[in-house]
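According to mature numbering (1 follows the signal peptide of the UniProt record, and there is no 0), the sequence shown holds residues -18 to -1, 1 to 209 in order. All C-beta atoms, glycine included, are put in the ideal place defined by N, C-alpha and C. Data first, discussion second: the structure below is written as structure tokens.
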Amino acid sequence: MKKVLLCALLACSANTFAGIQVDATRVIYNSDSKSASLSINNDSEETYMVQTWLDTGDASQIPRDIPIIVTPPILKLAPHKEAVLRFIYSGKGLAQDRESLFWVNVQEIPPAPKQDNVLQVAIRTRIKLFYRPQALQTNLQAQAEALKWQRQGQALTVTNNGPMYVTLGILTLSNGDKTWKVNADMVGPYDSLKIALPSNAQSANGLSFTYINNYGGHTEIKNVSLK
């Protein structure tokens, strides 16, 4: 019987079946630091090769001109061992008046299967890396609180007039004892995002929301002005 080997490359933020685990959901690279770091762990009983790189949002491409390097770009990780990835900025090429966003890719390369007819799955984990210039005169909490919200027909527009990315979590709209939950995305520096609302939420006059803080947790902001 012929050996059947299928390698499925899965892009995901977290996966309980992955042999290689990352210890954070985001990396914050402050410009006054020489580097940023991310720990990865091999929680399996097998030795894995691991490939790492950055991209700018397209998971199918590996750009060559990103001014931040990842080291080591490839490594061998023994069972139940930890390694530290380091991100080093060349010093040129990134804006200093706003954050820059990249995606960290951690691609595990599993060992060769010991048996025939094996479905082999190689997991790729992707998390965000924010390069944060020291010159920014704000912080993420203040940035999230300063977001402007405006209802426009069957959508809600959020405007970010600041220099940092704000990753939104859950919006909670309300009217009296009625509430509606809406998933939201990320809004970039000096940009806006339109969020579709449920048809029955048009009467909502109250809003609270969560955003993802520097540690990957959810921080709630209540009693938001909704125009």
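Between serine 82 and the set Tyr197, Thr38, Asn195, Ile203, the nearest pair of CA atoms involves Thr38.
Annotation: leucine 138 to lysine 163 spans about 13 Å, alpha carbon to alpha carbon.
Beta-bridge analysis with DSSP links valine 169 to Val148. In the structure shown, alanine 183 falls within a helical segment according to DSSP collapsed to helix, strand and coil. In this structure aspartate 167 is in contact with leucine 150, their Cβ atoms being roughly 6 Å apart against a cut-off of 8 Å.
Judged by DSSP secondary structure, glutamate 127 falls within the alpha helix (DSSP H) whose first and last residues are 122 to 127. Lysine 110 is classed as buried because its beta carbon has at least 16 other beta carbons within 10 Å across all chains shown. Take the alpha-carbon of isoleucine 56 and the one of valine 66: they are about 12 Å apart. Closest in C-alpha terms to lysine 209, from the list Gln102, Ala94, Gly135, Lys16, comes Gly135.
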